[in-house]
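For reference, the structure discussed in these notes is given below.
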């Protein structure tokens, strides 16, 4: 189970960046990203509900469990409102990022979420980092800087509709949100009795509602004119599924493997994304990109490998 979950997470990380990039840059009818975020949250909620049903063993026990832990505890459920809001906004920003950055650059730059998560963990959870972990964060920042400062001539041809700067800003904002929401969610999990799957039901349910509000504000008129599922096809559904199951896969990997293997999976996904981008999107590797990506992969492994034993 350890290696199955590890391989699954590696493929999910790599495929998500590649598929999202493809569906946001191909020709033809373009789906609305806000609707995709809604469907990803709904799918996550539904999946976790089915997992809880399997754990409870019967429909009556399942309904009783949900009634006792969700319906009868509205105040507890509202604790999830903040991370739900942040995660939903983050997922919308990731579509902006991948629409303006090639898959390889996006995949490498998005690893800044390790830095933001570490910072929030130190301040919010009073977590201690080893010297090697602090060093790995410095290496991570240097590596991402190398990738972002590579010459425009070496990157893929950028259309007038794409803005690398806008993509970079979206990734940075998404990394900040990912770090805050992840640490906030961890704090909630450690402070209450509810298990991970129940919390993900709450996250997915509230995320669906917040996503619908965001969709109405940003694309309400378009949805009324063209329909909610405008531009959807099999590839879009694959992108939604990959995004939805990503967080659940991380939970499985942490349970059956460990953070070191999780870091290895992330590094492997970066390499796969870079190689695949060369063939799928005419991405041109430069020495500067290779150095930057290598530094990022090394830092990800170092951060996981040299964590303090609690």
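In our numbering, the protein residues as written are 8 to 317. All C-beta atoms, glycine included, are put in the ideal place defined by N, C-alpha and C. All values reported here derive from a predicted model rather than from experimental measurement.
If the criterion is Cβ atoms closer than 9 Å, does the pair residue 290 and residue 88 meet it?
Position 283 of the chain shown, counted from the start, is the residue given in the question as residue 290. Position 81 of the chain shown, counted from the start, is the residue given in the question as residue 88. Not closer than 9 Å, so no.
From which residue to which residue does the alpha helix (DSSP H) around residue 177 run?
If you number the chain shown from 1, residue 177 lands on position 170. That run of the alpha helix (DSSP H) goes 171-198.
Just mark residue 247 as buried or exposed, buried being the case when its beta carbon has 16 or more other beta carbons within 10 Å.
Within the chain shown, numbered from 1, the residue matching residue 247 stands at position 240. Label assigned to residue 247: buried.
For residue 7 versus residue 17, is the C-beta spacing smaller than 9 Å?
The displayed coordinates of the chain run from 8 to 317. Any statement about residue 7 would go beyond what the structure contains.
Can you tell me whether residue 87 is helix, strand or coil according to DSSP?
Counted from its first residue, the chain shown places residue 87 at position 80. DSSP places residue 87 in coil when its eight states are reduced to three.
Going by beta carbon distance, what residues of the same chain come within less than 8 Å of residue 141, once the five residues before and after it are set aside?
Locating residue 141 in the chain shown gives position 134, counting from the first residue. Contacts found: none.
Measuring straight from C-alpha to C-alpha, what distance separates residue 115 and residue 181?
Against the chain shown, residue 115 aligns to sequence position 108. Against the chain shown, residue 181 aligns to sequence position 174. In a straight line, the C-alpha of residue 115 is about 13 Å away from that of residue 181.
What distance in whole Å lies between the Cβ atoms of residue 256 and residue 19, which are believed to be in contact at a cut-off of 8 Å?
What you label residue 19 is simply residue 12 of the chain shown in a count that begins at 1. What you label residue 256 is simply residue 249 of the chain shown in a count that begins at 1. With 8 Å as the limit, residue 19 and residue 256 qualify as a contact, their Cβ atoms being about 5 Å apart.
Ignore the nearest five residues each way along the sequence and tell me which others in residue 217's own chain have a CB closer than 7 Å to its CB.
Here residue 217 is taken as the residue at index 210 of the chain shown, counted from 1. Closer than 7 Å at Cβ, skipping near neighbours: 91, 92 and 95.
Do the region 50-66 and the region 206-226 meet, that is, are 3 or more Cβ pairs less than 8 Å apart?
Judged by Cβ distances under 8 Å, the region 50-66 makes contact with the region 206-226, as three or more pairs qualify.
Can you tell me whether residue 248 is helix, strand or coil according to DSSP?
Counting from 1 along the chain shown, the entry for residue 248 is found at position 241. In the structure shown, residue 248 sits in a helix (DSSP, three-state: H, G or I).
May I have the straight-line CA-CA distance separating residue 226 from residue 27, to the nearest angstrom?
In the chain shown, residue 226 corresponds to position 219, counting from 1. In the chain shown, residue 27 corresponds to position 20, counting from 1. One C-alpha to the other measures close to 19 Å.
How would you call residue 85, buried or exposed, if buried means at least 16 neighbouring beta carbons within 10 angstroms?
The residue you call residue 85 lines up with position 78 of the chain shown. Classification of residue 85: exposed, given that the 10 Å Cβ count is below 16.
Taking the alpha-carbon of residue 178 as reference, which of 293, 281 and 120 has the nearest alpha-carbon?
For the purposes of this step, residue 178 is taken as residue 171 along the chain shown, with counting starting at 1. Of 293, 281 and 120, the residue nearest in Cα terms is 120.
With burial defined as no fewer than 16 other Cβ atoms inside 10 Å of the residue's Cβ, what is the status of residue 158: buried or exposed?
The residue you call residue 158 lines up with position 151 of the chain shown. Here residue 158 scores only 42 on pLDDT, less than 50, and its place in the model should not be relied on; the value that follows carries that caveat. Exposed is the call here.
Is it true that the region 228-247 meets the region 120-129, where meeting means three or more beta-carbon pairs spaced less than 8 Å apart?
Not touching, per the Cβ criterion.
Here's the rule I'm using: 16 or more other beta-carbon atoms within 10 Å means buried, otherwise exposed. How should residue 105 be labelled?
Here residue 105 corresponds to residue number 98 of the chain shown, with the count starting at 1. That one is buried.
Mind listing, in chain order, the continuous beta strand (DSSP E) runs of no fewer than 3 residues lying wholly within the region 49-130?
Fully enclosed beta strand (DSSP E) runs of 3 or longer: not present.
Pick out whichever of 283, 203 and 188 has its Cα sitting closest to the Cα of residue 97.
The sequence position of residue 97 within the chain shown is 90, counting from 1. When only C-alpha atoms are compared, the closest one is 188.
Nearest to residue 235 by CA position, among 39, 312, 186 and 279, is which residue?
For the purposes of this step, residue 235 is taken as residue 228 along the chain shown, with counting starting at 1. Per the Cα distances, 39.
Residue 309: buried (16+ other C-beta within 10 angstroms of its C-beta) or exposed?
The residue labelled residue 309 in the question sits at position 302 within the chain shown. With 16 or more Cβ atoms within 10 Å of its Cβ, residue 309 is classed as buried.
Considering only their Cβ atoms, is the gap separating residue 45 from residue 215 smaller than 9 Å?
Counting from one through the chain shown, the residue named residue 215 turns up at place 208. Counting from one through the chain shown, the residue named residue 45 turns up at place 38. Closer than 9 Å, so yes.
Quick check: what's the CA-CA separation for residue 274 versus residue 307?
Stepping through the chain shown from its first residue, residue 274 is reached at position 267. Stepping through the chain shown from its first residue, residue 307 is reached at position 300. Distance between the alpha carbons of residue 274 and residue 307 is about 7 Å.
Count the other CB atoms, across all protein chains shown, that sit within 10 Å of the CB of residue 62; report buried if there are 16 or more and exposed otherwise.
Locating residue 62 in the chain shown gives position 55, counting from the first residue. Result: exposed.
Nearest CA to the CA of residue 1: which residue from 282, 272 and 296?
No information on residue 1 is available, as it lies outside the stretch 8 to 317 that the chain covers here.
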